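Participant:
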Amino acid sequence: MIGSSDKIKQVRRLCHQLCFASCVEEKRQGRHVELLRLRPHWSVLKRDEQMASIDRGEKVPFDISLPLPARDEREGSEAGVGLFWERFLCQQCGRCCYTPGAGLYLEKEDFDRIAERVGKKKLKTLCRYDKRLQAWVLRQPCPFYDKEKKGCTIYEIRPLTCTKYPLHPPLPEMPCNLAVDAFCPAARLLAKDTLGWWIICENNWAALLHKLARDQS
Ligand code: SF4
Ligand code: SF4
């Protein structure tokens, strides 16, 4: 017998398989406005609480799940990522570049590409070698960030991780949804702006649960 949390997981997975294209379009067109008018939803009722918890990202590191489907191996499944980049407005604050941290993982291609520009020897002095990861890790704050010009000095050849930031791998508890680094102010803003979009997801989940229950009976 499937427990209710397993059922919800199953429904989210199914939803990701069946609704990813339509739900992105519904979100782009603002369908949540009509749904929110029709019934109460936590994104409205607990709005202040949610905003405060998103704002914690400025001080406490964590990732926020967005109501957008994460890309998977299927062709065309990048719709959610596409809508994320359409809506994401980087504030050019540079916090992701100049904040001290554990370092920035470089793919081998990143290392080779950047080494070609700055020289291998020089790049190694800006990195540390991580034996466990068997990769070069760029020190943070990033040596390529120009504080005066407020920008990246190797922008066109920046590491892959930087091209994806603030997108992070999906959270284990929400494996079908995009996750963003709450440390980024633009990501926090987007998370707040799209809070109401969860009603579209939940609507689809409810419809699928209903259908599953009907099929089982
Ligand atoms: S922290 Fe976010 S808003 Fe600031 S520069 Fe980085 S991506 Fe842009
Ligand atoms: S490489 Fe460029 S984009 Fe990446 S962290 Fe450094 S300054 Fe920022």
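In this note's numbering, the protein residues as written are 687 to 903.
The C-beta atom is built at its ideal place from N, Cα and C for all residues, glycine as well.
Predicted model, so just to flag it, every value in this text is computed and none were measured.
#1: To the nearest angstrom, how far is the alpha carbon of Ile694 from that of Trp891?
#2: Are the CB atoms of Leu812 and Leu790 nearer to each other than 7 Å?
#3: According to DSSP, Cys813 sits in a beta bridge with which residue or residues?
#4: With 16 as the cutoff for other CB atoms within 10 Å, does Glu712 come out buried or exposed?
#5: Just curious, the beta strand (DSSP E) that Ser751 is in, first and last residue?
#6: Report yes if the C-beta distance between Arg799 and Ile843 is below 7 Å; otherwise report no.
#7: Regarding Tyr791 and ligand 2, is the C-beta to nearest heavy atom distance less than 6 Å?
#8: What residue does the alpha helix (DSSP H) around Ala892 start on, and which one ends it?
#9: Hey, would you say the C-beta of Arg844 is under 6 Å away from at least one heavy atom of ligand 2?
#10: Using C-beta distances below 6 Å, list every residue in its chain close to His852, excluding the 5 sequence neighbours before and after it, in chain order.
#11: Between the Cα of His702 and the Cα atoms of Ile840, Gly837, Leu722 and Asp758, which residue gives the shortest distance?
#12: Taking Cβ to Cβ, would you say Pro753 is nearer than 7 Å to Asp796?
#13: Closer than 6 Å: is that where the CB of Pro786 sits relative to any heavy atom of ligand 1?
#14: For His727, does the three-state DSSP call read helix, strand or coil?
#15: Is Pro786 near Phe706, with beta carbons less than 7 Å apart?
#16: Check whether the Cβ atoms of Ile886 and Arg714 sit closer than 7 Å, and answer yes or no.
#17: Select from Ser691, Ala788 and Arg733 the residue whose C-alpha is nearest the C-alpha of Pro747.
#18: Identify every residue that forms a DSSP beta bridge with Ala854.
#19: Should Phe830 be listed as close to ligand 2, given that the test is whether its C-beta is under 6 Å from any heavy atom?
#20: Excluding sequence positions up to five away, which residues of its chain have a Cβ less than 6 Å from the Cβ of Met687?
#21: Would the beta-carbon of Cys855 fall within 7 Å of that of Asn863?
#22: Taking the C-alpha atoms as reference points, what is the distance between Gln777 and Ala765?
#23: Is Cys709 near ligand 2, with its Cβ less than 6 Å from a heavy atom?
Facilitator: The short version:
#1: Residue numbering aside, residue 694 sits at position 8 when the sequence shown is read from its first letter. Residue numbering aside, residue 891 sits at position 205 when the sequence shown is read from its first letter. Cα-Cα distance, rounded: 8 Å.
#2: On the sequence shown, position 126 is the one that residue 812 refers to. On the sequence shown, position 104 is the one that residue 790 refers to. No. Outside cutoff.
#3: Sequence index remark: in the sequence shown, residue 813 carries index 127 (1-based). Answer is Leu824, bridged to Cys813.
#4: For this step, residue 712 is matched to residue 26 along the sequence shown. Buried.
#5: Taking the first residue of the sequence shown as 1, we reach residue 751 at position 65. For Ser751, the uninterrupted beta strand (DSSP E) run begins and ends at Asp749 to Pro755, by DSSP.
#6: On the sequence shown, position 113 is the one that residue 799 refers to. On the sequence shown, position 157 is the one that residue 843 refers to. Contact: yes.
#7: Here residue 791 refers to the residue found at position 105 when the sequence shown is read from its first residue. Result no, Cβ not under 6 Å from ligand 2.
#8: Against the sequence shown, residue 892 aligns to sequence position 206. Counting along the chain, the unbroken alpha helix (DSSP H) around Ala892 starts and ends at Trp884 to Gln902.
#9: To locate residue 844, count along the sequence shown from 1; it is residue 158. Indeed, a heavy atom of ligand 2 lies less than 6 Å from the Cβ.
#10: The count along the sequence shown starts at 1 and reaches residue 852 at position 166. According to the sequence displayed, residue 852 carries Pro and not His. The answer, listed in chain order, is Val866, Asp867, Cys870 and Ala873.
#11: For the purposes of this step, residue 702 is taken as residue 16 along the sequence shown, with counting starting at 1. With distances taken between Cα atoms, His702 lies closest to Asp758.
#12: The sequence position of residue 753 within the sequence shown is 67, counting from 1. The sequence position of residue 796 within the sequence shown is 110, counting from 1. No, Cβ-Cβ distance for Pro753 and Asp796 is not below 7 Å.
#13: Within the sequence shown, numbered from 1, the residue matching residue 786 stands at position 100. False, no ligand heavy atom lies under 6 Å from that Cβ.
#14: Here residue 727 refers to the residue found at position 41 of the sequence shown. If DSSP states are grouped into helix, strand and coil, His727 belongs with coil.
#15: Translated into positions along the sequence shown, residue 786 becomes position 100. Translated into positions along the sequence shown, residue 706 becomes position 20. The answer is no: Cβ separation not under 7 Å.
#16: On the sequence shown, residue 886 is found 200 positions in, with the first residue counted as 1. On the sequence shown, residue 714 is found 28 positions in, with the first residue counted as 1. For the pair Ile886 and Arg714, the CB atoms are not nearer than the 7 Å cut-off.
#17: Residue numbering aside, residue 747 sits at position 61 when the sequence shown is read from its first letter. The option with the nearest alpha carbon to Pro747 is Ala788.
#18: Walking along the sequence shown from the start, residue 854 turns up at place 168. Here residue 854 is His; the residue named in the question, Ala, does not match the sequence. For His854, which the question treats as bridged, DSSP gives the partners Ala865.
#19: Counted from its first residue, the sequence shown places residue 830 at position 144. Yes, the beta carbon of Phe830 sits closer than 6 Å to at least one heavy atom of ligand 2.
#20: By one-based count along the sequence shown, residue 687 stands at place 1. In this prediction, Met687 scores a pLDDT of 49, lower than 50, which makes its location untrustworthy; the coordinate-derived value is nonetheless stated afterwards. No residues qualify anywhere along the chain.
#21: Numbered from 1 along the sequence shown, position 169 holds the residue referred to as residue 855. Numbered from 1 along the sequence shown, position 177 holds the residue referred to as residue 863. This sequence places Pro at residue 855; Cys is not what is there. The answer is no: Cβ separation not under 7 Å.
#22: Start at 1 with the first residue of the sequence shown, and residue 777 comes out as number 91. Start at 1 with the first residue of the sequence shown, and residue 765 comes out as number 79. One alpha carbon belongs to Gln777, the other to Ala765, and they sit about 23 Å apart.
#23: Walking along the sequence shown from the start, residue 709 turns up at place 23. No, the Cβ of Cys709 stays beyond 6 Å of every heavy atom of ligand 2.
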